[in-house]
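**Q** If you're matching them up, the sequences are chains X and C in order.
Just so we're aligned, residue 28 is where the first sequence starts under this note's numbering, counting upward by one.
Just so we're aligned, residue 16 is where the second sequence starts under this note's numbering, counting upward by one.
Positions of the beta carbon are idealized from the N, C-alpha and C atoms, including for glycine.
Provided herewith is a single structure, encoded as C-alpha cells, for subsequent inquiry.
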Amino acid sequence: MNERSGVIFMASTEYAHGPNNPTDTDPTDTDPTDTDPADIDSSTDTGDTARPVSFLPSRIDRAVIAVVRVGVGLLWLQNLGWKIPPNFGKGDPPDGLYLSTTYAVSHEVLHPYALLVNQVVLPNFTFFAWMVLLIEASLGAFLTFGLATRFWALVGIAQTVVIMLSVLNAPNEWIWSYLLMLLVHAALFATAAGRHAGLDGVLRPACLGSQSWLPRLLVHVS
Amino acid sequence: MKPWDPLDRAALVLGLVSIASALFVFVSGELEIVRVQVAGVVVAVVLGLLAIAAGWLESPALAVGGGVLFLLAAAVQVVLLAGGRSGFLGGNTSTFSLWLGLGVGMIAIGMVPRPELAEESPPD
C-alpha cells in the first residue's frame, strides 16, 4: 500500500494512523494527558511524521453523529410527554402507558414476556410505570446532552427491546420503527457519540487522569 | 482574548439551550418537544442566565449551584405531576427530563477536576 495513503487500524484502538491524515482538531479534546486512543488527534502529535486522528476525522462526520445523538435524545424526551403520572393511563377506558403495557398480553409477542407482564408488571403497574418514567427521562436527558452516552445507548437498546415486546403486534405498529431505534442506539454506542459536541467530549479529558471513582466511571461509560 | 475553557464553554451552551427551550412557550402540537408555560419560562431563562454566568465567570461553584437549582426545578415539576396536575410550573414529564439533563450536566461541569487544578497538585 502506498505510504502516503496508508491507513493502519491498530489492534484494540479506534483511530487511524498514517502520515497524511487530516489534522483538524476537536476543540473538546485539548488535554495532553488524554491517552485514550479514541480521543487522540493531532494535538497529541509526538513529533514524528505520524499523526493519529480521531475515528471520525472530519468535522462533518462528527457533526452528523452529534445531530443523530441529539435527535435520539429528543425522541425519548418528547415521548415522555404522554406518560403522565400518577395513573399513567390506568383507568376506564385505559390509555397511555397502561394501554401500551396491556398490549404485551392482548397482542402477545413473546409468551414468557406476556406472562411476566400479566403476573408481575400489571399487578404492580404504578411502580413499573415510575421506573419507565425515570429510565426514559434519563435517556432523554443524558443522550440529548451527550453525558455517559455509551451506557445510555445500551439502556436505550434494552428499553427499545422492552417496548418491542410490548407493542410489536399491536394495531398500526411498524416493526422497522423499532428496529431503526435499535440500530441508531447501536450506532451511538459504536461511535461514542457523546464525545462529539457532547458533554462526554468535554468531561472525558479532565477525567482520564483522575483516581477518583466517579471520573473513572465516566471514562468507562462515555 | 483568552480562549474559553471547554468546560466553561459547555456551561455557556447549556445556558443557551435552557433559554432557547423557553421558546417552546410559543409551540404546540407535534413540534412541542417540551411543555413550557409562564413559570417554566422564568425557570428556563433565570437558570439559563445563571449557567451562562457560570461559564462566563469560569466559576465551577456557580455551575454546581445552577445544576442543583435545575435539579430542584425538575424535582418540583415531577412532584407536581405526581399530584395529578402540572402545577404552577406548567410543565410535563418532558420538561422534567430536560431540566434533569441540564442539572446533571451543570453539576458534572462544576465538579469535574479542572486541568489547572490538577497541574497544581503535587506529583505522586
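Counting along the chain, where does the alpha helix (DSSP H) carrying Leu124 of chain X start and finish?
**A** On the first sequence, residue 124 of chain X is found 97 positions in, with the first residue counted as 1. It spans 123–133 - the alpha helix (DSSP H) in which Leu124 of chain X sits, taken as one unbroken run.
**Q** Would Met16 of chain C count as contacting chain X if we go by Cβ distances under 8 Å?
**A** The residue labelled residue 16 of chain C in the question sits at position 1 within the second sequence. Confidence at Met16 of chain C is low in this model, with a pLDDT of 49, below 50, so its placement is unreliable and the value that follows should be read with caution. Chain X contact via Cβ: absent.
**Q** Against chain X, which members of the segment 61–90 of chain C pass a CB distance test of less than 9 Å?
**A** Cβ contacts with chain X: Ala89.
**Q** Could you tell me how far apart the beta carbons of Ala25 of chain C and Leu226 of chain X are, in whole angstroms, since I believe they sit closer than 8 Å?
**A** Position 10 of the second sequence, counted from the start, is the residue given in the question as residue 25 of chain C. Position 199 of the first sequence, counted from the start, is the residue given in the question as residue 226 of chain X. Confirmed, Cβ separation roughly 6 Å.
**Q** Using only the alpha-carbon positions, how far apart do Leu65 of chain C and Leu84 of chain C sit?
**A** Translated into the one-based positions of the second sequence, residue 65 of chain C becomes position 50. Translated into the one-based positions of the second sequence, residue 84 of chain C becomes position 69. For Leu65 of chain C and Leu84 of chain C, the distance between alpha carbons rounds to 10 Å.
**Q** Using the Cα positions of Leu230 of chain X and Gly120 of chain C, report the straight-line distance between them to the nearest angstrom.
**A** On the first sequence, residue 230 of chain X is found 203 positions in, with the first residue counted as 1. On the second sequence, residue 120 of chain C is found 105 positions in, with the first residue counted as 1. Taking the straight line joining both Cα atoms gives about 10 Å.
**Q** By Cβ distance, which residues of its chain are closer than 7 Å to Ser127 of chain X, with the 5 residues on each side in sequence left out?
**A** Taking the first residue of the first sequence as position 1, residue 127 of chain X is located at position 100. Excluding residues within five positions, the ones whose Cβ falls inside 7 Å are Ser193, Val194.
**Q** Where does Val271 of chain X land, buried or exposed, given buried means 16+ other C-beta within 10 angstroms?
**A** Here chain X covers residues 28 to 249 and nothing more, so residue 271 of chain X does not appear.
**Q** Does the beta carbon of Thr218 of chain X come closer than 8 Å to any beta carbon on chain C?
**A** Translated into the one-based positions of the first sequence, residue 218 of chain X becomes position 191. By this cut-off, Thr218 of chain X is not an interface position.
**Q** For Gly116 of chain C versus Phe169 of chain X, is the C-beta distance shorter than 8 Å?
**A** Taking the second sequence and counting its residues from 1, the one referred to as residue 116 of chain C is at position 101. Taking the first sequence and counting its residues from 1, the one referred to as residue 169 of chain X is at position 142. Closer than 8 Å, so yes.
**Q** Is it buried or exposed, Asn199 of chain X, if we count other Cβ atoms within 10 angstroms and call 16 or more buried?
**A** Here residue 199 of chain X refers to the residue found at position 172 of the first sequence. Counting Cβ neighbours within 10 Å, Asn199 of chain X comes out exposed, since fewer than 16 surround it.
**Q** When Cβ atoms are compared, which residues of the segment 102–130 of chain C fall closer than 9 Å to chain X?
**A** If the cut-off is 9 Å between Cβ atoms, the segment 102–130 of chain C has Asn107, Thr108, Ser109, Thr110, Phe111, Ser112, Leu113, Trp114, Leu115, Gly116, Leu117, Gly118, Val119, Gly120, Ala123, Ile124, Met126, Val127, Pro128, Arg129, Pro130 near chain X.
**Q** State the DSSP-derived secondary structure class of Arg100 of chain C, mapped to helix, strand or coil.
**A** The residue you call residue 100 of chain C lines up with position 85 of the second sequence. Coil at Arg100 of chain C, not helix or strand.
**Q** Could you check whether the Cβ of Arg100 of chain C sits closer than 8 Å to any Cβ belonging to chain X?
**A** Taking the first residue of the second sequence as 1, we reach residue 100 of chain C at position 85. It does not; no Cβ of chain X falls within 8 Å.
**Q** How is Gly63 of chain C classed by DSSP in three states: helix, strand or coil?
**A** Numbered from its first residue, the second sequence carries residue 63 of chain C at position 48. In this structure, Gly63 of chain C counts as helix in the three-state DSSP scheme.
**Q** Taking a cut of 7 Å between CB atoms, which residues from the segment 225–239 of chain X lie near chain C?
**A** Listed by position along the chain: Leu226, Val229, Leu230, Ala233, Cys234, Gly236, Ser237.
**Q** If you measure from the beta carbon of Ala180 of chain X to each beta carbon in chain C, is any gap under 8 Å?
**A** Against the first sequence, residue 180 of chain X aligns to sequence position 153. No, Ala180 of chain X lies away from the interface with chain C (no Cβ there is under 8 Å from its Cβ).
**Q** Do three or more CB pairs link the segment 102–117 of chain X to the segment 159–178 of chain X at distances below 8 Å?
**A** In short, these stretches touch, since the Cβ pair count reaches three.
**Q** Quick check on the burial criterion: 16 or more other C-beta atoms within 10 angstroms. Buried or exposed for Met158 of chain X?
**A** Here the question's residue 158 of chain X lines up with position 131 in the first sequence. Label assigned to Met158 of chain X: exposed.
**Q** Counting only Cβ pairs nearer than 7 Å, list the residues of chain C close to Pro113 of chain X.
**A** Within the first sequence, numbered from 1, the residue matching residue 113 of chain X stands at position 86. In chain order: Ala97, Gly99.
**Q** Can you check whether the C-beta of Val248 of chain X is within less than 8 Å of a C-beta belonging to chain C?
**A** By 1-based counting over the first sequence, the position of residue 248 of chain X is 221. Judged by the 8 Å Cβ criterion, Val248 of chain X is not in contact with chain C.
**Q** Are Val49 of chain C and Ser109 of chain C closer than 8 Å when you measure CB to CB?
**A** As a position in the second sequence, residue 49 of chain C is number 34, starting the count at 1. As a position in the second sequence, residue 109 of chain C is number 94, starting the count at 1. Against a cut-off of 8 Å, the Cβ pair of Ser109 of chain C and Val49 of chain C comes out as a contact.
**Q** CA-CA distance, Gly183 of chain X and Ser112 of chain C?
**A** Residue 183 of chain X sits at position 156 when you count from the first residue of the first sequence. Residue 112 of chain C sits at position 97 when you count from the first residue of the second sequence. Using only the alpha carbons, I get a separation of about 15 Å.
**Q** Please name the residue in X:His134, X:Phe154, X:Pro113, X:Leu161 whose C-alpha comes closest to that of Trp114 of chain C.
**A** On the second sequence, residue 114 of chain C is found 99 positions in, with the first residue counted as 1. Nearest option by C-alpha distance: X:Leu161.
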